[in-house]
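Report on the structure given below.
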Amino acid sequence: MHLNNDGFFRGTAFVTSIAKPTGLPPAAGPEVAFVGRSNAGKSSAINTLTGHKRLAYVSRTPGRTQLLNIFRTPAGCYLVDLPGFGYAKVPEAVRRQWVGLIEHYLMNRDALIGLVHVMDARHPLTPLDWQLLEWFAPRGLPVHVLLSKADKLSRGKAAATLAEVRRALAPRGWQVSAQLFSALQRTGVAEVETVVGNWFAAAQQHTLAVVASTENGGC
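Residue numbers (full-length UniProt numbering): 1 to 219.
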């Protein structure tokens with residue numbers, strides 16, 4: 001997968017919003033999901049990566065993103081913005097709907113090739129973050145931890161936090177990587193582009209190999 005001069009995510013466009021698992025459209029290409037606790041900076045990260053101010057909805061009130069939103073990159077790959085999790089001040093029925101939508105997508109979507117897990121760099125690896133990581137691990141897909149709002153920390157503290165997160169994740173044996181990110185300062189964009197771009201490239205190569213095997217009479 002080759003990035004154009006504008007970056008992997010530039011030119012990304014909105015496709016549709018989903019409120020219930022039954023509303024998910026058939027997969028049209030590889031998908032990468034963005035997930036994170038409410039107010040972790042997920043929507044701001046997506047807007048910064050794509051170069052849009054309001055492609056993903058940003059609210060000062062945690063828990064406002066209630067839908068699963070799908071976006072298409074110029075390469076024909078898809079970004080999926082999942083509802084923020086962990087915010088208690090919403091009606092229980094709404095919370096159950098969010099959880100059901102997130103769980104159904106992450107566990108059942110065959111087109112999913114990787115997960116970008118956004119965490120506030122000031123409060124990384126909360127119990128809910130660990131819970132999601134451990135629950136998702138059996139799928140065997142790569143996870144990239146985005147430590148957002150890194151500009152809120154001093155350079156030394158940010159570097160120490162990144163090292164601590166990587167150290168905590170290493171013994172688990174998961175396909176997980178981590179980086180610092182700041183939507184405000186636009187730092188860390190190229191690193192995310194490289195990670196996600198490599199996931200998409202690997203998915204495309206796998207698809208081509210399967211097609212070739214089928215054409216040659218393989219199983």
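Don't be surprised by glycine CBs; every beta carbon is placed ideally from N, CA and C.
At the level of alpha carbons, what is the spacing between Ala28 and Leu125? 33 Å
Going by other Cβ atoms of all chains shown within 10 Å of its Cβ, with 16 needed for buried, is Lys42 buried or exposed? buried
I need the straight-line Cα distance from His195 to Ala137, nearest angstrom please. Rather than His, the amino acid found at residue 195 in this sequence is Val. Approximately 18 Å, taken between the alpha carbons.
So, under 8 Å CB-CB, Gly36 and Met119 are touching, yes? Tell me the CB distance rounded to an integer number of Å. 6 Å
Per DSSP, Met119 is paired with what? Leu147
Please state whether the Cβ-Cβ distance between His144 and Ser177 is less than 7 Å. yes
Val210, buried or exposed, once every other Cβ within 10 Å from all chains shown has been counted against 16: exposed
Taking Thr187 as part of the beta strand (DSSP E), name the residues at either end of that continuous run. From DSSP, Thr187 is part of no beta strand (DSSP E); its letter is neither H nor E.
Are the region 68-83 and the region 150-162 touching, with three or more C-beta to C-beta distances below 8 Å? no
Just reading off the alpha helix (DSSP H) that Thr48 is part of, what are its end residues? Lys42 to Thr50
Helix, strand or coil at Asp81 [DSSP, three-state]: strand
Can you give me the C-alpha to C-alpha distance between Trp199 and Leu133, rounded to a whole angstrom? 18 Å
Per DSSP, which one or two residues make a beta bridge with Ala178? Val145
Are Ala19 and Leu115 touching if we call contact CB-CB under 7 Å? no
Between which two residues does the alpha helix (DSSP H) harbouring Gly36 extend? Here Gly36 belongs to no alpha helix (DSSP H); instead the beta strand (DSSP E) covers Glu31 to Gly36.
Inter-residue Cα distance where the pair is Ala163 and Gly86: 25 Å
Quick check: the Cα distance between Ala202 and Cys77, rounded to an integer number of angstroms? 12 Å
Report all residues from its chain with a CB closer than 7 Å to the CB of Arg167; omit the five preceding and five following residues, and keep chain order. none
Excluding the five sequence neighbours on either side, which residues of its own chain have a C-beta within less than 8 Å of the C-beta of Gln175, listed in chain order? Gly140, Leu141, Pro142 and Val143
Could you name the residues of the same chain whose beta carbon sits closer than 7 Å to that of Asp110, not counting the 5 residues immediately before and after it, in chain order? Ala27
Hey, out of Gln185, Arg10 and Leu24, whose CA is closest to Leu106's CA? Leu24
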